[in-house]
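K.L.:
I am attaching a structure below and will ask some questions about it afterwards.
In the numbering used here, the protein residues as written are 81 to 187.
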């Protein structure tokens, strides 16, 4: 499942509209804004509970795409919630991804 809302698309929460239910095995979320991640992380975390994973993808610096997201920013947002990063990857030449899961003691 790939998530990212379009401005003005609908007033219905995206996760509800897509029928995302708690327990999704994998969610891939693309964002270029910290505020977007902060706004959605609670719902995304609940959707992968307990053993699923969330890939948060953001534009690489070399892509020249505007972003205020880095690996460290993602950690700042997710770690206080009990989520932890377990893997990083290059999605393609423009995007990186960080795999997020619930800490073992929270599963």
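We put the CB at the ideal spot given by N, CA and C, even for glycine.
Quick caveat: nothing in here was measured; it's all calculated off a predicted structure.
What is the rounded straight-line gap between the Cα of residue 137 and the Cα of residue 150?
P.N.:
Rounded to the nearest angstrom, the two C-alpha atoms are 10 Å apart.
K.L.:
Could you check the C-alpha separation between residue 144 and residue 112 for me, to the nearest Å?
P.N.:
If I take the Cα positions, the gap works out to 11 Å.
K.L.:
What is the residue span of the alpha helix (DSSP H) that residue 104 lies within?
P.N.:
It is not in any alpha helix (DSSP H) - residue 104 carries neither H nor E in the DSSP assignment.
K.L.:
Is the separation between the beta-carbon of residue 98 and that of residue 125 shorter than 8 Å?
P.N.:
Cβ distance not < 8 Å, so residue 98 and residue 125 don't count as in contact.
K.L.:
Using the beta-carbon count (16 or more within 10 Å), is residue 166 buried or exposed?
P.N.:
So residue 166 ends up on the exposed side.
K.L.:
Using only the alpha-carbon positions, how far apart do residue 118 and residue 157 sit?
P.N.:
Each residue's Cα considered, the two are about 7 Å apart.
K.L.:
Pull up the distance between the alpha-carbon of residue 129 and that of residue 142, whole angstroms please.
P.N.:
About 33 Å.
K.L.:
On the three-state DSSP scale, how would you describe residue 96?
P.N.:
Correct three-state label for residue 96: helix.
K.L.:
Could you tell me how far apart the beta carbons of residue 108 and residue 135 are, in whole angstroms, since I believe they sit closer than 8 Å?
P.N.:
About 5 Å; that satisfies the 8 Å criterion.
K.L.:
Taking residue 183 as the reference, which of 140, 95, 96, 132 has the closest Cα?
P.N.:
For residue 183, the nearest C-alpha among the options comes from 132.
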